[in-house]
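**Student:**
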Amino acid sequence: NITLDETGSVERESVKNVVAAIQADTTIYQNKDGSYTLDQSAPGNVRVNDAVVSLDNRTRSNTQAIQNHSR
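In terms of my numbering, the sequence shown has 58 at position 55, counting the first letter as 1, and numbering is strictly consecutive.
#1: Look up glutamine 33 in the DSSP assignment and give the residues it is bridged to.
#2: In the DSSP assignment, what residue or residues form a beta bridge with arginine 63?
#3: Thinking C-beta only, is valine 49 closer than 9 angstroms to isoleucine 69?
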């Protein structure tokens, strides 16, 4: 067990529970079409940081395609 101090009081949590909570807070799920969801029944899971980078890359790519097509 490890000791956590979240609200001014001392609590004891197992390492397994802490790891599970961290994973739950940093994981989102991915549907077959590539869209992201919080639905845990989706077939894939992705770290939030990876999903943000992926979304940024898609947004940039789409923006460039629109700009090139508009000219």
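A virtual CB, placed ideally from N, CA and C, is assigned to each residue, including glycine.
**Tutor:** Taking the definition as stated:
#1: Along the sequence shown, one-based indexing puts residue 33 at 30. DSSP lists Tyr39, Gly47 as partners of glutamine 33.
#2: Taking the first residue of the sequence shown as position 1, residue 63 is located at position 60. Answer is none; arginine 63 lacks a bridge partner.
#3: Looking up residue 69 in the sequence shown gives position 66. Looking up residue 49 in the sequence shown gives position 46. Going by C-beta atoms, isoleucine 69 is not nearer than 9 angstroms to valine 49.
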